[in-house]
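For the sequence shown, the residue numbers in my numbering are 7 to 121.
Note that the Cβ used here is the ideal one computed from N, Cα and C, for glycine as well.
This report concerns only the one structure given below.
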Amino acid sequence: FRDKPTGTKARLVALGHRQRQKPTAAAKFASTPGLPSFRLIAAAANQHDDELVHIDISQAFAQSDPFDPDYHLYIIPPEFSGAAPDTVWRLRRPLYGLAISPRAWADTIRKYLVQ
């Protein structure tokens, strides 16, 4: 927990390394640009006198599109949540720590950029 001027806030992180059913490599893969791609973009921006801007999206994985309604992913709530011992939570969006979260975010941002 962290105390903020607007109140106490916490970030829930899933322990993805404890997943019972491991996702496939295709479900986890999220492409990231390598150094040659970055150099190409920087060179093109320089030729056209464009400005490059870097952004960091706060809580990127939590901003991903919701899971498909047919996709079911459950987690055991953390001890501090006060939930009953036999309770599980169904996730509707990706969380930090899940193996599939980077791919879900990449799909969300790709859809936005293509629009």
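Beta-carbon contacts of residue i that lie in its chain and below 7 Å, excluding the five residues immediately before and after
{"i": "TRP95", "result": "TYR80, ILE81, PRO83"}
{"i": "PHE35", "result": "ARG109"}
{"i": "ALA33", "result": "ILE106, ARG109"}
{"i": "THR93", "result": "PRO83"}
Rounded C-alpha distance that separates residue i from residue j
{"i": "ALA90", "j": "LEU97", "result": "17 Å"}
{"i": "LEU119", "j": "ALA112", "result": "10 Å"}
{"i": "PHE73", "j": "LYS117", "result": "15 Å"}
{"i": "ALA48", "j": "ILE63", "result": "21 Å"}
Element boundaries [alpha helix (DSSP H), containing residue i]
{"i": "PHE44", "result": "41-53"}
{"i": "TYR118", "result": "107-120"}
{"i": "LYS28", "result": "Element bounds for LYS28: n/a, residue is neither H nor E."}
Beta-bridge partners of residue i, as assigned by DSSP
{"i": "VAL138", "result": "What the structure shows of the chain is the stretch from 7 to 121, and residue 138 is not part of that stretch, so it cannot be assessed."}
{"i": "TYR80", "result": "ARG96"}
Three-way DSSP call (helix, strand, coil) for residue i in this model
{"i": "ALA89", "result": "coil"}
{"i": "ALA66", "result": "coil"}
Close Cβ partners of residue i (< 6 Å) along its chain, the five nearest in sequence each way excluded
{"i": "ASP71", "result": "THR114"}
Cβ shell of residue i (< 8 Å), same chain only, five flanking positions each side left out
{"i": "ALA50", "result": "ASP56"}
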